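Colleague: In the order they appear, the protein sequences are chains A and B.
Under the numbering used here, the first residue of the first sequence is numbered 1, with each subsequent residue one higher.
Under the numbering used here, the first residue of the second sequence is numbered 490, with each subsequent residue one higher.
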Amino acid sequence: MKFYDKTAAELQELIHSKDATITDITKETFKRINALDPKVDAFLAMNEERALASATELDNTPMEQRGPLFGLPIGVKDNIMTEGLVTTASSRILEGFDPIYNATVVEKLRAAGMVIVGKLNMDEFAMGSSNENSYYKKTRNPWNLDYVPGGSSGGSTAAVAAGEVPFTLGSDTGGSIRQPAAFCGVVGMKPTYGRVSRFGLIAFASSLDQIGTVTRNVKDNALLLQAIAGHDEKDSTSADVEVPDFAAALTGDITGLRIGVPKEYFAEGVSESAKQAVYNALDVLKEKGASWEEISLPHSKYALATYYLLASSEASSNLSRFDGIRYGYRTSKAGSLLEFYMNTRAEGFGDEVKRRIMLGTYALSSGYYDAYYKKAQKVRTLIKKDFDDAFENYDVIISPTTPTPAFKIGEIIDDPLTMYANDILTIPVNLAGVPAISVPCGFDGDMPLGLQIIGNYFDEETVYRTADVFEKATDFHKKTPQLWEGAAQ
Amino acid sequence: MAKITKEEVIEVAHLARLAITDEEAVHFAEQLEAITNAMELLNELDTENVEPTTHVLPMVNVMREDQAKAGLPRETVLKNVKEHIAGQVKVPTILE
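1) Using 8 angstroms as the cut-off, can you tell me whether the segment 443 to 455 of chain A makes contact with the segment 287 to 295 of chain A, which would need three or more C-beta pairs spanning the two stretches below that distance?
2) Return helix, strand or coil for Pro547(B), following the three-state DSSP convention.
3) At a CB distance below 7 angstroms, what residues from the segment 513 to 528 of chain B approach chain A? Give them in sequence order.
4) Closer than 9 angstroms between beta carbons: that is the criterion. Which residues of the segment 150 to 184 of chain A meet it against chain B?
5) Measure the C-alpha to C-alpha separation of Ala488(A) and Ala35(A) and round it to an integer number of angstroms.
6) Using a Cβ-Cβ distance cut-off of 8 angstroms, determine whether Leu382(A) contacts chain B.
7) Taking the straight line between their C-alpha atoms, what separation do you get for Asn131(A) and Tyr394(A)?
8) Which bits of chain B does Asn343(A) rub up against, with CB to CB less than 8 angstroms?
9) Can you grab the Cα-Cα spacing for the pair Glu347(A) / Tyr341(A), in whole Å?
10) Would you kindly work out how many angstroms separate the C-alpha atoms of Ser273(A) and Asp444(A), rounded to a whole number?
11) Output needed for Gly256(A): all residues of its chain with C-beta closer than 6 angstroms, excluding positions within five of it in sequence on either side, in chain order.
12) Could you tell me whether any Cβ in chain B is nearer than 8 angstroms to the Cβ of Pro142(A)?
13) Under 9 angstroms Cβ-Cβ, which residues of chain A neighbour Leu534(B)?
14) Can you tell me where the beta strand (DSSP E) holding Thr168(A) begins and where it ends?
15) Just curious, the alpha helix (DSSP H) that Asp415(A) is in, first and last residue?
16) On the CB-based measure, 16 or more other CB atoms within 10 Å of its CB, does Arg258(A) come out buried or exposed?
17) I need the DSSP call for Gln179(A), collapsed to helix, strand or coil.
18) What is the DSSP secondary structure of Gln489(A), counted as helix, strand or coil?
19) Hey, is Ile499(B)'s beta-carbon within less than 8 angstroms of any beta-carbon in chain A?
20) Along chain A, which residues have their Cβ under 7 angstroms away from the Cβ of Lys571(B)?
21) Using the Cα positions of Tyr308(A) and Asn422(A), report the straight-line distance between them to the nearest angstrom.
22) Beta carbons nearer than 7 angstroms to chain B: which residues of the segment 412 to 425 of chain A have them?
23) Would you be able to state if there are at least three C-beta pairs under 8 angstroms between the segment 547 to 562 of chain B and the segment 397 to 404 of chain A?
24) Roughly how many whole angstroms lie between the Cα atoms of Met419(A) and Ser236(A)?
25) From which residue to which residue does the alpha helix (DSSP H) around Pro38(A) run?
26) Contact criterion: CB-CB distance below 8 angstroms. Does Leu201(A) meet it with respect to chain B?
27) So Asp78(A) contacts chain B; which residues on that side make the cut at Cβ distance below 9 angstroms?
28) Return the Cβ separation of Ile116(A) and Gly71(A) in integer angstroms, given the expectation that the two are a contact with Cβ distance under 8 angstroms.
29) Tell me which residues share the same chain as Gly96(A) and place their Cβ nearer than 8 angstroms to its Cβ, disregarding the 5 neighbours each side in the sequence.
30) Thinking C-beta only, is Pro448(A) closer than 8 angstroms to Pro403(A)?
31) Roughly how many angstroms separate the alpha carbons of Ile211(A) and Leu584(B), rounded to a whole number?
32) Taking 8 angstroms as the threshold (beta carbon to beta carbon), is Lys478(A) in contact with chain B?
33) Hey, does Arg92(A) have any beta-carbon neighbour from chain B nearer than 8 angstroms?
34) Does the beta carbon of Arg563(B) sit closer than 8 angstroms to a beta carbon anywhere in chain A?
35) Quick one: using the 10 Å Cβ neighbour count with 16 as the cut-off for buried, is Asp232(A) buried or exposed?
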C-alpha cells in the first residue's frame, strides 16, 4: 500500500480501520528511503532495527490510548541528540559520536509514540544555506537534483519533499528551517524563541537557535509542534507559557485579519517571481476576508550584519567545547596539548565553521568588542522594536521567504557574502525571536517558492490559521517533484 | 574600511585554537575583511542611547531547586572518549 502521500489523519484512519499496522508503515518508509535516498542523500545514520522493534511494540498499544501522531515515522536533524543513534551535526569533529542522552524534543516524540527512522543531513553545525557544508554528503533538491535543497535543515526539508518521511525536525537560527522549506516546497515552522526546549540541541547561537517542524501540510505541522512544545526545566531559556491547541486554531476563518507587508522585503535582490507569488497570495488572503497594507520595518537592512556578528560570536564561544578530549575526533599529529587542540580543531572543522569561529573571536576580542559585538546587540534592539511596533497594528507580517528560488550546487559556495544574502528575509525574525512559517506559494520554472508568515510572540495560532487558509485555497502544496512517483513502492 | 592582515588572522586563529597555514591565513584574511567591511554598515546608526538586547524574552533569575543528584556512571561518561586508561581520559603530556 502507498503511504507516502498521506496526511497524519489519513494514516491514522488506515491504522484505526486495521487496513495498516504501524509496522507496515515503518517498513514501507524504510523501503522508500532505500529507493530514493541514493538520489536525494538526505539521511545520515539510520535507525531501522530499533524503529521496527518499537513499531511492533507500538502496534500492541490499545487504540484509545493513541494520539494523532502515534506510530508515525519521523526524521530528526543531525544536531539533535538521539541516545544510541550517531549524532554528528554533519561535522567531522563529531564523527561517530554516540549520544548518552536524548534531547527533550526526542523524549517528547517518543512520548507521542512517534517512530524515529534516522538522522538528517545539514550544513555543519547548522552554518550554511545550501547543505554544501556537510562533511558527509551533499543533499540534493528533490525538484531538481542539480540544485541545493537550501540549508541548514536541507536534509529535513528534502526528505519531506521527496516523500521519504512525512515529518521531520529541523532547527532555525537565521532561516535554517524556512529557507530550505521554501526551496523544497514544504511547510517549515520556526516557533517563538523559547517555545520549544533546546536541551540536547547542539548549540550554534544560543540566543537565536530554535527547534522547529517540517511537514507537507499545515495541519500536520501544527500537530507536530504540539508534540514538542512546552517549558522544560532543563532549558532555562524555554518559556513557561501555556501551549495552546494549535490544530484547534485552524478554524478556516481569517475575517478581519490585518496583514502588514514590509516594503523592505521587496527591495533590490528579491526576484520578480518571488514578489509576484507573494502578491498573488495576498490576493487570495484578501478574498478570504483579510486586509493588507504596505508597512515599513526600517532597520531591516541592518539585520544581516547584526546577525552574522551575534551568531558568529555566540558560535565561537559554543564551539570552544569541541577539543577532542572527552568526545569526538582526535588528531593523530600532536606533541603538546596546545598542538593537540589546534590540530584537532583544524582537522575537525570545515571552512565555513572556521570562518565563523574566527569572525566571532575577532568580534569579541578586546578592542573590537564595543565596535562589533555590543554595537550589534544594540541594533538588535532596534530590529526587535520594528516588529513590536508593527504588531501593535497588524496580526501577521507577510513576505517572500527567500529572495530567489533554489540555486545550483556549487554556484556560490566560494562566495560567503552572497551565500549569506539568502537569509536576508528570514534573519530579522530570529533576531526579534518571533514565530514564522514558510508555506509553498508558487513556482519559478520547476523550482518552488515560499510564502513567509510572521506572527507576534507566542502567537503561532494566528500564523497557522493564516497558513491553513492559504493552503486550502491553493494547490501549490499538492504538486510533487518528478521523482515522487518514480520510486519503487 | 578595516584592513585585516594575514598576521591578525593568525593571531585570531591562535585565540580560537585553530591551526592555520600561511596560505589559509591569506585566504581567510580576504574573506574576513570583506565580511567585516559589510558589517560596518551598522556604524551609520546612532545607538548611543539604545540598550543592548542579549535575550528576546523578559526572563530574569531562572532558578532551580538546589538538590544533590547522582552523576552519570563512569562507563557512560567514557563511552565517547577516544583513549582512556583505568577509567581516566588520556591526553598528551601536560607536565614533564
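Heads up, the beta-carbon is just placed ideally off N, CA and C, and yes, glycines get one too.
Predicted model, so just to flag it, every value in this text is computed and none were measured.
Modeller: Per the coordinate set shown:
1) no
2) Position 58 of the second sequence, counted from the first residue, corresponds to residue 547(B). Pro547(B) falls in the coil class under three-state DSSP.
3) Phe517, Gln520, Leu521, Ala523, Ile524, Ala527 and Met528
4) none
5) Here the question's residue 488(A) lines up with position 488 in the first sequence. Here the question's residue 35(A) lines up with position 35 in the first sequence. Residue placement at Ala488(A) cannot be trusted, given a pLDDT of 45 that sits under 50; the coordinates are not used to answer.
6) Within the first sequence, the letter at position 382 stands for residue 382(A). By this cut-off, Leu382(A) is an interface position.
7) For the purposes of this step, residue 131(A) is identified with residue 131 of the first sequence, where counting begins at 1. For the purposes of this step, residue 394(A) is identified with residue 394 of the first sequence, where counting begins at 1. Cα-Cα distance, rounded: 35 angstroms.
8) As a first step, residue 343(A) must be located in the first sequence, where it is residue number 343. Within chain B, the residues near Asn343(A) are Ala508.
9) Counted from its first residue, the first sequence places residue 347(A) at position 347. Counted from its first residue, the first sequence places residue 341(A) at position 341. Taking the straight line from one Cα to the other gives about 10 angstroms.
10) Counted from its first residue, the first sequence places residue 273(A) at position 273. Counted from its first residue, the first sequence places residue 444(A) at position 444. If I take the Cα positions, the gap works out to 6 angstroms.
11) As a working note, residue 256(A) is residue 256 in the first sequence. Answer for Gly256(A): no residue qualifies.
12) Translated into the one-based positions of the first sequence, residue 142(A) becomes position 142. Chain B, which has no Cβ nearer than 8 angstroms to the Cβ of Pro142(A), makes this no.
13) Against the second sequence, residue 534(B) aligns to sequence position 45. Chain A residues near Leu534(B): His299, Tyr302, Lys375, Lys378, Val379 and Leu382.
14) On the first sequence, position 168 is the one that residue 168(A) refers to. Residues Phe167 to Asp172.
15) On the first sequence, position 415 is the one that residue 415(A) refers to. Taken as a continuous stretch (DSSP letters only), Asp415(A) belongs to no alpha helix (DSSP H), as it is neither H nor E.
16) Taking the first residue of the first sequence as position 1, residue 258(A) is located at position 258. By the 10 Å Cβ count, Arg258(A) comes out exposed.
17) Taking the first residue of the first sequence as position 1, residue 179(A) is located at position 179. Residue state, collapsed to three classes: helix.
18) Counting from one through the first sequence, the residue named residue 489(A) turns up at place 489. Any reading at Gln489(A) is ruled out, since the residue's pLDDT is 42, under 50, leaving its predicted position unreliable.
19) On the second sequence, position 10 is the one that residue 499(B) refers to. No, Ile499(B) lies away from the interface with chain A (no Cβ there is under 8 angstroms from its Cβ).
20) Walking along the second sequence from the start, residue 571(B) turns up at place 82. Correct list: Arg330.
21) Your numbering for residue 308(A) matches position 308 in the first sequence. Your numbering for residue 422(A) matches position 422 in the first sequence. Near 13 angstroms, if we compare the C-alpha coordinates of Asn422(A) and Tyr308(A).
22) The segment 412 to 425 of chain A vs chain B, Cβ under 7 angstroms: Pro416 and Leu417.
23) As far as the Cβ criterion goes, the segment 397 to 404 of chain A does not touch the segment 547 to 562 of chain B, which means the pair count is below three.
24) Along the first sequence, one-based indexing puts residue 419(A) at 419. Along the first sequence, one-based indexing puts residue 236(A) at 236. If you take the alpha carbons of Met419(A) and Ser236(A), they lie about 33 angstroms apart.
25) Counted from its first residue, the first sequence places residue 38(A) at position 38. For Pro38(A), the uninterrupted alpha helix (DSSP H) segment begins and ends at Ile22 to Val40.
26) Counted from its first residue, the first sequence places residue 201(A) at position 201. Leu201(A) does not count as touching chain B.
27) What you label residue 78(A) is simply residue 78 of the first sequence in a count that begins at 1. Going along chain B, no residue has its Cβ under 9 angstroms from Asp78(A), so there is no contact; the nearest lies around 16 angstroms.
28) As a first step, residue 116(A) is located in the first sequence; it is residue number 116 there, counting from the start. As a first step, residue 71(A) is located in the first sequence; it is residue number 71 there, counting from the start. 12 angstroms between Cβ atoms; not a contact.
29) Here residue 96(A) is taken as the residue at index 96 of the first sequence, counted from 1. Hits under 8 angstroms: Val86 and Thr88.
30) Numbered from its first residue, the first sequence carries residue 403(A) at position 403. Numbered from its first residue, the first sequence carries residue 448(A) at position 448. In this structure, Pro448(A) does not lie closer than 8 angstroms to Pro403(A) by Cβ.
31) As a first step, residue 211(A) is located in the first sequence; it is residue number 211 there, counting from the start. As a first step, residue 584(B) is located in the second sequence; it is residue number 95 there, counting from the start. Rounded to whole angstroms, Ile211(A) to Leu584(B) spans 43 angstroms at the Cα level.
32) By 1-based counting over the first sequence, the position of residue 478(A) is 478. False, the Cβ-Cβ gap to chain B never drops below 8 angstroms.
33) Position 92 of the first sequence, counted from the start, is the residue given in the question as residue 92(A). Not an interface residue.
34) Residue 563(B) sits at position 74 when you count from the first residue of the second sequence. Not an interface residue.
35) Along the first sequence, read from residue 1 onward, the residue named residue 232(A) stands at position 232. It counts as buried.
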